[in-house]
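Novice: Below you will find the structure I want to go over with you.
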Amino acid sequence: MTAVLQILFDALSLGSIYALGALGIAAIFGVMRLVNFAHGDFIAFCVFAMLWPSIDAAAIVFAGRLPFYLLIPLLLFIGAALSMLSEVVVFRRFRNANPATMMIASFALGFVIRHLLLMLYSSRPKSITLWPNLGLPVEFLGAHIPMLQVVTIIITLAVLAVLVLFLKRTRFGLEMRAAADNFTMARMLGVRANGVILLAFAISGMLAAAIGLILATNSGTADIGMGANVMLIAFIATVIGGLGSVPGAVAAGFLIGAASVVFQATLPHDARVFRDAFVYGAVIVVLLARPQGLFAPKSAKQRV
Amino acid sequence: MSLLAVDDITVSYGRLTALRGVTLDIAEGEILFVTGPNGAGKSTLLNAIAGVVPSGSGTITLAGGMITGAAPEEIARRGFSLVPEGRNVFGGLTIEENLKVGTGMRTDRKKIADDLDSVYAEFPMLAERRHTPAGMLSGGQQQMLVIGRALMAAPRIMAIDEPSLGLAPKIIDQVYEILMRLRAQRKLTLLIVEQSSTRARMTGGRMVLIRGGRIVLEGAAADMVKDARLKQAYFGFGDH
Numbered sequence: 000m001t002a003v004l005q006i007l008f009d010a011l012s013l014g015s016i017y018a019l020g021a022l023g024i025a026a027i028f029g030v031m032r033l034v035n036f037a038h039g040d041f042i043a044f045c046v047f048a049m050l051w052p053s054i055d056a057a058a059i060v061f062a063g064r065l066p067f068y069l070l071i072p073l074l075l076f077i078g079a080a081l082s083m084l085s086e087v088v089v090f091r092r093f094r095n096a097n098p099a100t101m102m103i104a105s106f107a108l109g110f111v112i113r114h115l116l117l118m119l120y121s122s123r124p125k126s127i128t129l130w131p132n133l134g135l136p137v138e139f140l141g142a143h144i145p146m147l148q149v150v151t152i153i154i155t156l157a158v159l160a161v162l163v164l165f166l167k168r169t170r171f172g173l174e175m176r177a178a179a180d181n182f183t184m185a186r187m188l189g190v191r192a193n194g195v196i197l198l199a200f201a202i203s204g205m206l207a208a209a210i211g212l213i214l215a216t217n218s219g220t221a222d223i224g225m226g227a228n229v230m231l232i233a234f235i236a237t238v239i240g241g242l243g244s245v246p247g248a249v250a251a252g253f254l255i256g257a258a259s260v261v262f263q264a265t266l267p268h269d270a271r272v273f274r275d276a277f278v279y280g281a282v283i284v285v286l287l288a289r290p291q292g293l294f295a296p297k298s299a300k301q302r303v
Numbered sequence: 000m001s002l003l004a005v006d007d008i009t010v011s012y013g014r015l016t017a018l019r020g021v022t023l024d025i026a027e028g029e030i031l032f033v034t035g036p037n038g039a040g041k042s043t044l045l046n047a048i049a050g051v052v053p054s055g056s057g058t059i060t061l062a063g064g065m066i067t068g069a070a071p072e073e074i075a076r077r078g079f080s081l082v083p084e085g086r087n088v089f090g091g092l093t094i095e096e097n098l099k100v101g102t103g104m105r106t107d108r109k110k111i112a113d114d115l116d117s118v119y120a121e122f123p124m125l126a127e128r129r130h131t132p133a134g135m136l137s138g139g140q141q142q143m144l145v146i147g148r149a150l151m152a153a154p155r156i157m158a159i160d161e162p163s164l165g166l167a168p169k170i171i172d173q174v175y176e177i178l179m180r181l182r183a184q185r186k187l188t189l190l191i192v193e194q195s196s197t198r199a200r201m202t203g204g205r206m207v208l209i210r211g212g213r214i215v216l217e218g219a220a221a222d223m224v225k226d227a228r229l230k231q232a233y234f235g236f237g238d239h
């Protein structure tokens, strides 16, 4: 029983991170048909923003010292600002380019951000301690669950609830959904293309910052490549979920998280190092059975 | 003064020229039919006015302001509402959400609720199913929805691309009945693209005929009935 609970919490918290990542990819893909491969570097950027630029091994924690009620809004702001800036400076110029061109542009942007971080901070991972209390376990029905897992799950559910309310109940949300369904038609009804796209980038950037905070708290290190793995899995989740489907991306994020944890727990000991191979194998099986993804939206095709 | 003036516009898709120097005027409250065979450039004309397709040369003026090269959302905000071919409902949004998308640009916030009521009064079928996803509606119902949606944007001029496409004759009659009533009630200016000139002749108003990207014939729709040139212009041949 306790083992099952432990696995459940592992799966939910890992799935949460993937779901938040997939949401960040899907938000931009929905309105722009752009898969933003720089998303992982946005995550790393947000983490390094907490440190003072220096190439020493002992990092000087800067913004990371702020109390949480200042640090969290600040990081969300940094994530949103970086993301919106990359829209204005880079992606706006490719607005009418084909999706492959936009994707290459996002790779290039990712390289620029990564090398900027390399210049400022060197390639050495740096230790960063945020909220050490969150590492302590809490007892839940006999199982010892790290507090951070509980917090991660609660944060993710809260983010999802806020996003759903935003999309369903507000003017901007309505315009975003209309634009994701049929961008040209939405514009012909007066929806401002730049406004909707900037909003999607802002949301995506804030999600990147949230992931950065969770990863940094969890691992206690800041590493330039730390966003790459999340980005890769988040991208796979958006594909499995059905490109363009936001609920699909979230569901697939949780599914991949669950699959990883279940494989980790159930594979024979010698096979556990190959866990990721099993996860990606499962991904391939899903895509062979449903190439359009598990929850493909109807609007995916009719776009001009 | 004309509400919409298109002056000598040319539109090309790559090496293919779709419109070659088209000029037309619509006065406030007027109804203008644009007819012509398949591929004549009718839809291109509407898309060029709406700002969806860039025009290579020429100017477009709406209510005295230049809109050549403006973004679609800016043109919509100046009072031009296009109902494109193929209807384009937002399938995942409910009927009511579809109707509300175009109201974000309106400044007369208080009138929006009244207008929603009057659209529902005009199309009771939409009122009954207001929380249903629009993708579940039939073709005729979707056509009613997109007309209602365009009205909710409170346009000065409404352009409709082939309102009868793929609809049963009885439904087409209904659509036109509603359009004519709305025009009388709201002093709406209408620009309607139809492949067949029959509907234009039945409805009245002015008509232009486009063929090969050019306007080849223009006049009162009713007068064109007897005009042998119509057949000539439409098909490129005729009985003399």
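In order, the protein sequences belong to chains A and B.
According to numbering that gives the first Met the number 0, the stretch in the first sequence is residues 0 to 303, in order.
According to numbering that gives the first Met the number 0, the stretch in the second sequence is residues 0 to 239, in order.
The beta-carbon is built from N, C-alpha and C at its ideal position, and this holds for glycine as well.
Here's the rule: buried if 16 or more other CB atoms are within 10 angstroms of the residue's CB, otherwise exposed. What is SER126 (chain A)?
Specialist: Against the first sequence, residue 126 (chain A) aligns to sequence position 127. Exposed.
Novice: Out of B:LEU98, B:PHE89 and B:ILE156, state which residue places its alpha-carbon closest to the alpha-carbon of GLY147 (chain B).
Specialist: Taking the first residue of the second sequence as position 1, residue 147 (chain B) is located at position 148. When each option's Cα is compared against that of GLY147 (chain B), the closest is B:LEU98.
Novice: Which residue wins for smallest C-alpha separation from THR1 (chain A), given the options A:HIS143, A:ILE223, A:VAL272 and A:HIS38?
Specialist: To locate residue 1 (chain A), count along the first sequence from 1; it is residue 2. Of A:HIS143, A:ILE223, A:VAL272 and A:HIS38, the residue nearest in Cα terms is A:HIS143.
Novice: With a threshold of 7 Å on Cβ separation, who are the neighbours of VAL303 (chain A) within its own chain once the five nearest residues in sequence on each side are excluded?
Specialist: Stepping through the first sequence from its first residue, residue 303 (chain A) is reached at position 304. Reliability of the predicted coordinates at VAL303 (chain A) is poor, the pLDDT of 32 falling under 50, and no value is obtained from them.
Novice: Could you check which residue in B:THR60, B:THR34 and B:ARG205 has the C-alpha nearest to that of SER1 (chain B)?
Specialist: For the purposes of this step, residue 1 (chain B) is taken as residue 2 along the second sequence, with counting starting at 1. It is B:THR60.
Novice: Is GLN184 (chain B) buried or exposed, if buried means 16 or more other CB atoms sit within 10 Å of its CB?
Specialist: If you number the second sequence from 1, residue 184 (chain B) lands on position 185. Exposed: under 16 other Cβ atoms inside 10 Å.
Novice: Determine the chain B residues that contact GLY189 (chain A) at a beta-carbon separation under 7 Å, and present them in chain order.
Specialist: Residue 189 (chain A) sits at position 190 when you count from the first residue of the first sequence. Simply GLU72, ALA75, ARG76, GLY101, GLY103, MET104 and ALA152.
Novice: Give a yes or no on whether the C-beta atoms belonging to ALA258 (chain A) and VAL278 (chain A) are separated by under 8 Å.
Specialist: Within the first sequence, residue 258 (chain A) is the residue found at index 259, counting from 1. Within the first sequence, residue 278 (chain A) is the residue found at index 279, counting from 1. Yes.
Novice: Of the choices B:ILE214, B:ARG105, B:ASP160 and B:THR202, whose alpha-carbon is the least far from that of ARG77 (chain B)?
Specialist: As a first step, residue 77 (chain B) is located in the second sequence; it is residue number 78 there, counting from the start. Residue B:ARG105 is the option with its Cα nearest to ARG77 (chain B).
Novice: Hey, would you say THR93 (chain B) sits closer than 8 Å to PRO53 (chain B), going by beta carbons?
Specialist: Here residue 93 (chain B) refers to the residue found at position 94 of the second sequence. Here residue 53 (chain B) refers to the residue found at position 54 of the second sequence. No, they are not a contact pair.
Novice: What does the Cβ neighbour count give for ALA112 (chain B), buried or exposed, with the cut at 16 atoms within 10 Å?
Specialist: As a working note, residue 112 (chain B) is residue 113 in the second sequence. Exposed, since its Cβ has fewer than 16 Cβ neighbours within 10 Å.
Novice: Under 7 Å Cβ-Cβ, which residues of chain B neighbour ALA177 (chain A)?
Specialist: As a first step, residue 177 (chain A) must be located in the first sequence, where it is residue number 178. In chain order: PHE89, LEU92 and VAL100.
Novice: What is the DSSP secondary structure of GLY23 (chain A), reduced to helix, strand or coil?
Specialist: For the purposes of this step, residue 23 (chain A) is taken as the residue at position 24 of the first sequence. Helix at GLY23 (chain A).
Novice: Establish whether the CB of ALA112 (chain B) and some CB of chain A are separated by less than 8 Å.
Specialist: In the second sequence, residue 112 (chain B) corresponds to position 113, counting from 1. Chain A contact via Cβ: absent.
Novice: Which residues, taken in chain order from the region 49-66 of chain B, show a beta carbon closer than 7 Å to some beta carbon of chain A?
Specialist: Correct list: ALA49 and VAL51.
Novice: Between the region 100-118 of chain A and the region 33-46 of chain A, do at least 3 Cβ pairs fall closer than 8 Å?
Specialist: Contact holds: three or more Cβ-Cβ distances are below 8 Å.
Novice: If we ignore side chains and look at the alpha-carbon of each, how far apart do ILE6 (chain A) and ASN193 (chain A) end up?
Specialist: Looking up residue 6 (chain A) in the first sequence gives position 7. Looking up residue 193 (chain A) in the first sequence gives position 194. In a straight line, the C-alpha of ILE6 (chain A) is about 43 Å away from that of ASN193 (chain A).
Novice: In terms of residue numbering, what span does the beta strand (DSSP E) encompassing GLY243 (chain A) cover?
Specialist: In the first sequence, residue 243 (chain A) corresponds to position 244, counting from 1. Run containing GLY243 (chain A): none; DSSP gives neither H nor E here.
Novice: Check PRO124 (chain A) in the structure and name its three-state DSSP category.
Specialist: Translated into the one-based positions of the first sequence, residue 124 (chain A) becomes position 125. Here PRO124 (chain A) sits in coil by DSSP.
Novice: Please confirm if the region 37-56 of chain A is in contact with the region 213-228 of chain A, defined as three or more CB-CB distances below 8 Å between the two stretches.
Specialist: A contact exists between the region 37-56 of chain A and the region 213-228 of chain A.
Novice: Which complete beta strand (DSSP E) runs does the region 155-225 of chain A hold, if anything under 3 residues is left out?
Specialist: Counting whole runs of 3 or more residues, the region 155-225 of chain A contains no beta strand (DSSP E) stretch at all.
Novice: Check whether the Cβ atoms of ALA179 (chain A) and VAL88 (chain A) sit closer than 8 Å, and answer yes or no.
Specialist: Counting from 1 along the first sequence, the entry for residue 179 (chain A) is found at position 180. Counting from 1 along the first sequence, the entry for residue 88 (chain A) is found at position 89. No, these two residues do not count as a Cβ contact at 8 Å.
Novice: Based on the DSSP secondary-structure assignment, which residues constitute the bridge partners of TYR12 (chain B)?
Specialist: As a first step, residue 12 (chain B) must be located in the second sequence, where it is residue number 13. B:LEU15, per the DSSP bridge assignment.
Novice: Would a C-beta distance cut-off of 8 Å place PHE41 (chain A) and SER82 (chain A) closer than the cut-off?
Specialist: One-based indexing of the first sequence puts residue 41 (chain A) at position 42. One-based indexing of the first sequence puts residue 82 (chain A) at position 83. Yes, they are a contact pair.
Novice: Can the beta-carbon of GLY39 (chain A) be found closer than 8 Å to that of MET175 (chain A)?
Specialist: Against the first sequence, residue 39 (chain A) aligns to sequence position 40. Against the first sequence, residue 175 (chain A) aligns to sequence position 176. Taking 8 Å as the Cβ cut-off, GLY39 (chain A) and MET175 (chain A) do not qualify as a contacting pair.
Novice: Between the Cα of ALA49 (chain B) and the Cα atoms of B:HIS130, B:GLU84 and B:LEU164, which residue gives the shortest distance?
Specialist: Walking along the second sequence from the start, residue 49 (chain B) turns up at place 50. With distances taken between Cα atoms, ALA49 (chain B) lies closest to B:GLU84.
Novice: With DSSP collapsed to three states, give me the class of ILE177 (chain B).
Specialist: Against the second sequence, residue 177 (chain B) aligns to sequence position 178. Note: ILE177 (chain B) maps to helix in three-state DSSP.
Novice: Any C-beta of chain A sitting closer than 8 Å to the C-beta of LEU115 (chain B)?
Specialist: Reading the second sequence from its first residue, position 116 is the one you call residue 115 (chain B). Not an interface residue.
Novice: Would you please verify whether the beta carbon of PRO83 (chain B) is less than 8 Å from any beta carbon of chain A?
Specialist: Within the second sequence, numbered from 1, the residue matching residue 83 (chain B) stands at position 84. Chain A, which has a Cβ nearer than 8 Å to the Cβ of PRO83 (chain B), makes this yes.
Novice: Starting from the C-beta of ASP9 (chain A), find all residues in its chain whose C-beta is less than 6 Å away, skip the five residues before and the five after it, and write them out in chain order.
Specialist: Here residue 9 (chain A) corresponds to residue number 10 of the first sequence, with the count starting at 1. So the qualifying residues of the chain are VAL260.
Novice: Counting only beta-carbon separations shorter than 8 Å, does GLU96 (chain B) have a partner in chain A?
Specialist: Taking the second sequence and counting its residues from 1, one reaches residue 96 (chain B) at position 97. Judged by the 8 Å Cβ criterion, GLU96 (chain B) is in contact with chain A.
Novice: Do you know whose CA, among B:ALA152, B:MET157, B:VAL100 and B:MET124, lies nearest GLY172 (chain A)'s CA?
Specialist: By one-based count along the first sequence, residue 172 (chain A) stands at place 173. Checked all of B:ALA152, B:MET157, B:VAL100 and B:MET124; the closest Cα to GLY172 (chain A) is B:VAL100.
Novice: In the structure shown, what three-state DSSP assignment does MET201 (chain B) receive?
Specialist: Your numbering for residue 201 (chain B) matches position 202 in the second sequence. Of the three classes helix, strand and coil, the one that applies to MET201 (chain B) here is helix, per DSSP.
Novice: Run the proximity test for LEU125 (chain B): is its beta-carbon closer than 7 Å to any non-hydrogen atom belonging to the ligand ADP?
Specialist: The ligand content of the structure shown is nil, which means the ligand ADP is not present either.
Novice: Unbroken alpha helix (DSSP H) runs of length 4 or more, entirely within the region 18-103 of chain B: which are they?
Specialist: List check, alpha helix (DSSP H) in window: 41-49, 71-76 and 94-100.
Novice: Rank A:GLN263, A:MET146 and A:LEU166 by C-alpha distance to the C-alpha of ILE213 (chain A) and give the top, closest one.
Specialist: On the first sequence, residue 213 (chain A) is found 214 positions in, with the first residue counted as 1. It is A:MET146.
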